[in-house]
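**Student:**
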Amino acid sequence: MVSRITDDYRDMAAAGCAAICEPAFWAGFDRSSAQGFHDYFAQITEYEPRRAAKFGLAHFCWLCINPKESENVELARDVLAIIPQFLDRPTVLGLGEIGLNKNSRNELKVLEMHIDLAAKHNLLILAHTPHLEDKRKGTQLTIDALKNNPGINSARVIIDHVEEHTVGMVLDAGFWAGMTLYPGTKCTSSRAVDMIEMYGSERLWMNSACDWGDSVPLAIPYTALEMRKRGHSAAQIDRMIYQNPKDFLSQCPKFRLPQP
Ligand SMILES: [Zn+2]
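Going left to right, the sequence shown walks through residues 4 to 263 as my numbering numbers them.
(1) Pick helix, strand or coil for L60, following the three-state DSSP scheme.
(2) For R231, collect the residues of the same chain with a Cβ closer than 7 Å to its Cβ; drop the 5 residues on either side in sequence, then sort them by chain order.
(3) Can you give me the start and stop residues for the beta strand (DSSP E) that G203 sits inside?
(4) Between K140, G216, V113, D42, which has its C-alpha nearest G99's C-alpha?
(5) Under 6 Å Cβ to Cβ from D11, same chain only, skipping five residues before and after it: list those, please.
(6) Relative to the C-alpha of K57, which candidate in T9, E72, C67, D42 has its C-alpha closest?
(7) Starting from the C-beta of T142, find all residues in its chain whose C-beta is less than 6 Å away, skip the five residues before and the five after it, and write them out in chain order.
(8) Cβ of E100 within 6 Å of any heavy atom in ligand 1?
(9) Which residues does DSSP pair with C190 in a beta bridge?
(10) Taking C-beta to C-beta, are I155 and A180 nearer than 7 Å?
(11) Assess, as a yes-or-no matter, whether the region 66-75 is touched by the region 88-99 under the definition of 3 or more beta carbon pairs within less than 8 Å.
(12) Taking only runs of the alpha helix (DSSP H) that begin and end inside the region 28-93, which ones reach a length of at least 4 residues, in chain order?
(13) Run the CB neighbour count on K150, radius 10 Å, all protein chains shown included, and call it buried at 16 or more, exposed below.
(14) Assuming contact is defined by CB atoms lying nearer than 7 Å, are L266 and P70 in contact in what I supplied?
(15) Is E115 helix, strand or coil by DSSP?
(16) For E100, report the span of its beta strand (DSSP E) as first-last.
(17) By the DSSP assignment, the beta strand (DSSP E) with L127 in it spans what residues?
(18) Would S35 be called buried (16 or more neighbouring beta carbons within 10 Å of its own) or exposed?
(19) Name the DSSP bridge partner or partners of E25?
(20) Got a sec? Which residues, its chain only, sit under 6 Å from P261 by beta carbon, not counting five neighbours each side?
(21) Going by DSSP in three states, N247 sits in which element: helix, strand or coil?
(22) If the criterion is Cβ atoms closer than 7 Å, does the pair D217 and P186 meet it?
(23) With Q240 as the anchor, note down where its alpha helix (DSSP H) starts and where it stops.
(24) Over what stretch of residues does the alpha helix (DSSP H) that includes V173 continue unbroken?
(25) Which residue wins for smallest C-alpha separation from I159, given the options L129, G19, K138, N210?
(26) On the three-state DSSP scale, how would you describe S157?
(27) Assuming I161 and F178 are in contact, meaning their beta carbons sit under 8 Å apart, how far apart are those beta carbons, in whole angstroms?
What follows is the structure, given as structure tokens:
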């Protein structure tokens, strides 16, 4: 939401969204120091929940140094050192979006550092997978890194940005799979519904790309319309867009939805 205007909060509230979960991500520029991340973590744990609350929306967040900036291992080490001071904040769900961008050695090292931190503090994980040519390889490397840490429970990890060629491997490994909706490229609404029809609704959820590029904050309600158009029942739609994310996120005791 740091890349979005306040009208987006109004539109999401009007469309029936119950809560927003904002992952720590790229700020539109590479930050030059850990202090830049400190201020960003303050923004998404203090200011954004207040901005969302004006529209009756609950706002939660995930913390990390995102894959796009984690090529610098020294900087990542400094950022990881400041994360614990934010973990007790009431809206912090866990670590995310951690993961790989170009599948480089340094990114993998930083991913493993995040996984260690999550295991140490028993945190939920949201993992990004590469949008570039090597999504399948990056997804497998991410699964392996998570499986290599005995402190990680796969039921408490969501591996995000799955597409048709990676959703099966994520579900088979026991993780949750996230389909990130974009207006034209990557996973569109109709492709997400295809995957629901192929794989069922267990451990599968959808989220909207909401960033500096072409992205649609209302992608989830629009995909609910697409499900309705294709004959899915109200209960099936509710499972995908409300119950599944609620079940996963409720594994963090701090996740509470406002009473409807
Ligand atoms: Zn991502």
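Cβ coordinates follow ideal geometry from the N, Cα and C atoms, glycine included.
**Tutor:** Inspection of the coordinates gives the following:
(1) coil
(2) I240
(3) No beta strand (DSSP E) holds G203; DSSP gives it neither H nor E.
(4) V113
(5) P220
(6) T9
(7) T132, T169
(8) yes
(9) L184
(10) no
(11) yes
(12) 37-45, 51-56, 76-85
(13) exposed
(14) Outside the shown range of the chain (4 to 263) lies residue 266, about which nothing can therefore be said.
(15) helix
(16) 95-102
(17) 127-131
(18) exposed
(19) C64
(20) A61
(21) helix
(22) yes
(23) Gln is not the amino acid found at residue 240; the sequence shown has Ile there. Element bounds for I240: 237-241.
(24) 170-175
(25) The sequence shown places Arg at residue 159, rather than the Ile named in the question. Considering only alpha carbons, the answer is L129.
(26) helix
(27) 7 Å
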